[in-house]
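Each remark here refers to the structure printed beneath this line.
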Amino acid sequence: MKINMTSRRDFITKTTLAATGLSLGLNTISAKGLRFSGPNDSIRVGFIGVGNRGTQLLRLFMAQPDCEVAALCDLYEPYLLRDYSKVDKRYTGGYLGKEGRIPKMGETFSNKVTRYAD
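Under this note's numbering, the residue at position 72 of the sequence shown is numbered 73, and the numbers go up by one with no gaps.
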């Protein structure tokens, strides 16, 4: 029986190559291939506070094909109108809200993105 002695350098080289190959192979698997379709394939989100950071988050959500913007809410009307014009095509109903509507919106939607100024 012959015992094969591997040097430390050979071991590190081979394991590095194997790990690199494995990581490259796993990167080619798409997330959609692993996704299961269910009864709720889209998510409806309401946004409270669409100022600077809220608008950035709104853009990120709208980039997802399975995201629906259900409502926008802000105390400052120019922000509200600016962002409503961006989501008008994907707006699924709901309401545009102001000061009195914020608590109601918080109760209505289970998925909310809130961003208030500090």
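Cβ atoms here follow ideal geometry from the backbone N, Cα and C, with glycine treated the same way.
Length of the line joining the Cα atoms of residue i and residue j
i   : j   : result
Q57 : T14 : 44 angstroms
L81 : V51 : 7 angstroms
R9  : T17 : 12 angstroms
Y85 : V70 : 10 angstroms
K87 : R60 : 9 angstroms
G55 : T21 : 39 angstroms
A19 : D11 : 12 angstroms
R83 : Y77 : 10 angstroms
T7  : N53 : 58 angstroms
Nearest candidate by alpha-carbon position, reference residue i, set the options
i   : options            : result
I44 : G50, M63, N53, P79 : M63
V46 : A19, D67, R54      : D67
D42 : T7, Q65, F12       : Q65
Where residue i falls, given that 16 or more other Cβ within 10 Å makes a residue buried
i   : result
A72 : buried
I4  : exposed
F48 : buried
D75 : buried
As assigned by DSSP and simplified to three states, the class of residue i
i   : result
L73 : strand
I13 : helix
V51 : coil
A64 : coil
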